[in-house]
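**Student:** Under this note's numbering, think of the first position of the sequence shown as 401, with each following residue one higher.
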Amino acid sequence: MSKKAKFDRQQVIENATNLYWEKGYHATSMRNLQDAIDLRP
């Protein structure tokens, strides 16, 4: 049985917000967001 991943909603929001501030909304890709919030399928 696999372990349930921990998900910190506030940390995800902070990381995404910081990325948008750094790169801008139009320059931020889904891959950038995936890497910033450490999201894996």
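Each residue gets a CB set at the ideal place from its N, CA and C atoms; glycine is no exception.
Because the structure is a prediction, the values reported are computed rather than measured.
Residue range of the alpha helix (DSSP H) that L433 falls in?
**Tutor:** Taking the sequence shown and counting its residues from 1, one reaches residue 433 at position 33. L433 -> alpha helix (DSSP H) spans M430 to I437.
**Student:** Under 8 Å by Cβ, that's how I've got N418 and I437 pegged, so tell me the actual separation to the nearest angstrom.
**Tutor:** Numbered from its first residue, the sequence shown carries residue 418 at position 18. Numbered from its first residue, the sequence shown carries residue 437 at position 37. Their Cβ separation, rounded to whole angstroms, is 10 Å, which puts N418 and I437 out of contact at 8 Å.
**Student:** Start and end of the alpha helix (DSSP H) containing R409?
**Tutor:** For the purposes of this step, residue 409 is identified with residue 9 of the sequence shown, where counting begins at 1. Segment R409 to K423, the alpha helix (DSSP H) holding R409.
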